[in-house]
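Visitor: Quick one: structure below, then a few questions.
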Amino acid sequence: MQAGQAVITDRRFQHYIGPRLGVLYAFTSLTLHSIAWVLGLKRSARYKIIPILVIAIAYLPSLVLVVIAVVAPPGTSLPGYADFYPFIHAAIYLFVAFSAPELICPDRRHGTLRMYMTSNLNPAVYVAAKVIAVWAVLSIVTIGPVLIEFAGYSLFGHGAANFTDSLKLVGQIFGGGLTLAAFFGTIALAISTLTDRNSFAAAGIILTFVLTGAALGILQGPLTAPDWVELVNVNTLPSEVVNRIYQAATGTPLPTWQLAAAAAGWVMAGLGVLAFRYRGEGRQ
Amino acid sequence: MQRKFGTVLALSDVSFELERGVTGLLGANGAGKTTLISLLLGVLKPDGGSLQVLGMEPLKAGWKLRQRIGYAPEDDRFPPDVKANELVRHFAEMRGIPRRAAVVRASEVLFEVGLGEERFRPIGTMSTGQRQRVKLAQALVHDPELVLLDEPTNGLDPIQRDDMLALVRRIGTDLGFTVLISSHLLGEVEQVSDNVVMLEGGKVARSGSVKSLLGGDTPLVIEVVSGARQLAERLTARGFQAAAKDDLRLTTQSSRDGVRDAVVAAVIELDLEMRRMEQGQATLGELFDLEETAAG
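Chains as they are written, first to last, in my numbering: chain C, 76 to 359; chain L, 1050 to 1345.
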């Protein structure tokens, strides 16, 4: 090598002279980091097991439906899109009970939350990133399987009649999936703020959705409670909203706007709990 | 500046200026060191007075100030299953460094703090000394103008402590960072700092250059199984300043000729059992006790 060709390859520590980005970038980074964290990306194998298992459980019914669509002769009546959600309800509950606590409990437990408050983040931005992350993660199981069902039906002769109907269906699939993700995700995240322990939070989430649903189900069934009880039934309310999005048959005579307003109210209440729990974080 | 916790006045009438290089924040446990650092970061509100950090008011400036400050907490605050390089990169991004630069800088700074080969290891598998270095790395990765280190030698053995202090010294001198390091040990502050702010009972007892305040006369600490008061009296009788806070530990001036020989002789005469004699382990309180003895 001649003198003129010499290159310093080991620069060691350099002072930084590049751009310094603001709150929006920190928000985006935390959101992406949180999604990867829940899915076990860049973490050891044991953190990938539960998400892979739950995602597999959620996608299995859609794959079965696609296989049925392949072998069924054209014109055969197959389960509709709104009928699909009960197949994956258990998977949605499992996923929300796993992912919501995993998004915020470790930060509180390990004290990382306090470190975040010494960075570009503030409590509102932190909560917003976690809310978007839980919605995005849950969308994997509330939108993805139905999209596969849609693709299978469309490819094998059971799809929508025309392009406009197909577009409408895609809109309904995203609308329904996002409704479920926002509803379950926000409430589960709010419950998770009450403890630092993932297991306690997961138990609380399952109990809230399943036990409330069961208790109110008894009230609405054998005890013939008034129709408005449906509005507080966190187990079935989002499914009723999804049914209305698909314009499918529903189990309640309540008008759509009431169901939608109640679901939005629950989401707002969840956001309220999150705001309350993090109100003074890092600014005491 | 003032700060209360309930009725307890944690900081009162604190006023000082930070200069470039390494400044030691010295005080006993509960003296208000962590409270002061939290106020500088803007994560605590002062109850009175004003505070300027890098020309800004911490609470008003918010993230614009915080991204110019590096902070390493006293306790562990990171998930144990995250790899060191991932964590440092993530916190670089949280402080506004774009992803590609954050990846490069995370590696560079981990090399710089001596974790080049260890940077792909999860933090939970690291020793206390390595975890302290990771904390230091995440405080430096975004190239802050001010680095706040809260007791960075906590939990370290003497060799690790010396290594960490040498590293902090190098960060303040060779790398050109302005560093505020808190400690309850006089010797640590003397070892790394150019200037010192001494906190006692939530107030600044003294501040200035280490040379002017300590003058190279860091007290000698002697620990015995029992009889420290007797030993202090014997040393005082021989013309050395000595002060014992309890019956196990005493301090004496280190700069006087023959002080070590006098200590050993007194220990033998009094038939005491000495555990150790060391310079640099005295606390601020012991320094003040010794000075009171000299004055009184």
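Glycine included, C-beta positions come from ideal geometry on N, C-alpha and C.
Express the C-alpha separation of residue 1167(L) and residue 243(C) in angstroms, rounding to a whole number.
Guide: Counting from one through the first sequence, the residue named residue 243(C) turns up at place 168. Counting from one through the second sequence, the residue named residue 1167(L) turns up at place 118. Their backbone Cα atoms lie some 53 Å apart in a straight line.
Visitor: How big is the Cα-Cα spacing for residue 1228(L) and residue 1221(L)?
Guide: For the purposes of this step, residue 1228(L) is taken as residue 179 along the second sequence, with counting starting at 1. For the purposes of this step, residue 1221(L) is taken as residue 172 along the second sequence, with counting starting at 1. For residue 1228(L) and residue 1221(L), the distance between alpha carbons rounds to 6 Å.
Visitor: Taking only three categories from DSSP, how would you classify residue 1096(L)?
Guide: Translated into the one-based positions of the second sequence, residue 1096(L) becomes position 47. Here residue 1096(L) sits in coil by DSSP.
Visitor: Please list the residues of the region 183 to 217 of chain C that have a C-beta atom closer than 8 Å to any C-beta atom in chain L, keeping them in chain order.
Guide: Against chain L - using a Cβ distance shorter than 8 Å - the residues of the region 183 to 217 of chain C are 185, 186, 187, 189, 190, 191, 192, 193, 194, 195, 196 and 197.
Visitor: Give every residue of the same chain whose Cβ lies closer than 6 Å to the Cβ of residue 295(C), excluding the five residues on either side of it in the sequence, and list them in chain order.
Guide: The residue labelled residue 295(C) in the question sits at position 220 within the first sequence. 304, listed in sequence order.
Visitor: DSSP beta-bridge partners for residue 1323(L)?
Guide: Here residue 1323(L) is taken as the residue at index 274 of the second sequence, counted from 1. BP columns for residue 1323(L) point to 1273(L).
Visitor: Between residue 1102(L) and chain C, is any beta-carbon pair separated by less than 8 Å?
Guide: Position 53 of the second sequence, counted from the start, is the residue given in the question as residue 1102(L). False, the Cβ-Cβ gap to chain C never drops below 8 Å.
Visitor: Chain C partners of residue 1127(L), CB-CB under 9 Å?
Guide: The sequence position of residue 1127(L) within the second sequence is 78, counting from 1. Ordered by position in chain C, the residues that pass the 9 Å Cβ test against residue 1127(L) are 185, 186, 187 and 190.
Visitor: Of all the CB atoms in chain L, is at least one closer than 8 Å to the CB of residue 98(C)?
Guide: As a first step, residue 98(C) must be located in the first sequence, where it is residue number 23. At least one chain L Cβ lies under 8 Å of residue 98(C).
Visitor: Using only CA atoms, which one of 1074(L), 1342(L) and 1281(L) lies nearest to residue 1314(L)?
Guide: Taking the second sequence and counting its residues from 1, the one referred to as residue 1314(L) is at position 265. The shortest Cα separation from residue 1314(L) among 1074(L), 1342(L) and 1281(L) belongs to 1281(L).
Visitor: Which residue spans inside the region 1246 to 1312 of chain L form an unbroken alpha helix (DSSP H) run of at least 4?
Guide: For the region 1246 to 1312 of chain L, whole alpha helix (DSSP H) runs of length 4 or above, ordered along the chain, are 1259 to 1263 and 1277 to 1286.
Visitor: Here's the rule: buried if 16 or more other CB atoms are within 10 angstroms of the residue's CB, otherwise exposed. What is residue 1099(L)?
Guide: Position 50 of the second sequence holds residue 1099(L). Residue 1099(L) is exposed by the Cβ-count criterion.
Visitor: If contacts are defined as beta-carbon pairs under 8 Å, then residue 1172(L) and residue 1140(L) qualify, I think. What distance do you get, rounded to the angstrom?
Guide: Along the second sequence, read from residue 1 onward, the residue named residue 1172(L) stands at position 123. Along the second sequence, read from residue 1 onward, the residue named residue 1140(L) stands at position 91. With a Cβ gap of about 12 Å, residue 1172(L) and residue 1140(L) do not count as contacting.
Visitor: Could you list the residues in the region 1142 to 1159 of chain L with a C-beta less than 8 Å from some C-beta on chain C, going in chain order?
Guide: Cβ contacts with chain C: 1142, 1143, 1144, 1145, 1146, 1147, 1148, 1150, 1154, 1157 and 1158.
Visitor: Closer than 8 Å is the cut-off here; do at least three beta carbon pairs connect the region 246 to 261 of chain C with the region 340 to 351 of chain C?
Guide: Touching, per the Cβ criterion.
Visitor: Got a sec? Which residues, its chain only, sit under 6 Å from residue 270(C) by beta carbon, not counting five neighbours each side?
Guide: For this step, residue 270(C) is matched to residue 195 along the first sequence. So the list reads 276, once near-sequence residues are dropped.
Visitor: Kindly indicate which three-state DSSP category residue 1052(L) falls into: helix, strand or coil?
Guide: As a working note, residue 1052(L) is residue 3 in the second sequence. Here residue 1052(L) sits in strand by DSSP.
Visitor: What residue range does the beta strand (DSSP E) around residue 1228(L) cover?
Guide: As a first step, residue 1228(L) must be located in the second sequence, where it is residue number 179. First-last of the beta strand (DSSP E) with residue 1228(L): 1227 to 1232.
Visitor: Span of the alpha helix (DSSP H) holding residue 106(C)?
Guide: By 1-based counting over the first sequence, the position of residue 106(C) is 31. Segment 98 to 114, the alpha helix (DSSP H) holding residue 106(C).
Visitor: Against chain C, which members of the region 1158 to 1177 of chain L pass a CB distance test of less than 8 Å?
Guide: Listed in sequence order: 1158, 1160, 1161 and 1171.
Visitor: Is residue 201(C) helix, strand or coil by DSSP?
Guide: As a first step, residue 201(C) is located in the first sequence; it is residue number 126 there, counting from the start. In this structure, residue 201(C) counts as helix in the three-state DSSP scheme.
Visitor: Which same chain residues end up closer than 7 Å to residue 268(C) when comparing Cβ atoms and leaving out the 5 residues on each side of it in sequence?
Guide: Your numbering for residue 268(C) matches position 193 in the first sequence. Closer than 7 Å at Cβ, skipping near neighbours: 179, 348, 349 and 352.
Visitor: Any beta carbon of chain L sitting closer than 8 Å to that of residue 275(C)?
Guide: Position 200 of the first sequence, counting from 1, holds the residue named residue 275(C). Not closer than 8 Å to any Cβ of chain L, the Cβ of residue 275(C) fails to qualify, so no.
Visitor: Please specify which runs of the alpha helix (DSSP H), each continuous and at least 4 residues long, are wholly inside the region 1089 to 1148 of chain L, giving them in chain order.
Guide: Fully enclosed alpha helix (DSSP H) runs of 4 or longer: 1107 to 1110, 1112 to 1115 and 1133 to 1143.
Visitor: Residue 1075(L) bridges to which residues according to DSSP?
Guide: Here residue 1075(L) corresponds to residue number 26 of the second sequence, with the count starting at 1. DSSP lists 1232(L) and 1247(L) as partners of residue 1075(L).
Visitor: At a Cβ threshold of 8 Å, is residue 1233(L) touching chain C?
Guide: Here the question's residue 1233(L) lines up with position 184 in the second sequence. No, residue 1233(L) lies away from the interface with chain C (no Cβ there is under 8 Å from its Cβ).
Visitor: Any beta carbon from chain C within less than 8 Å of residue 1245(L)'s own beta carbon?
Guide: On the second sequence, position 196 is the one that residue 1245(L) refers to. Chain C contact via Cβ: absent.
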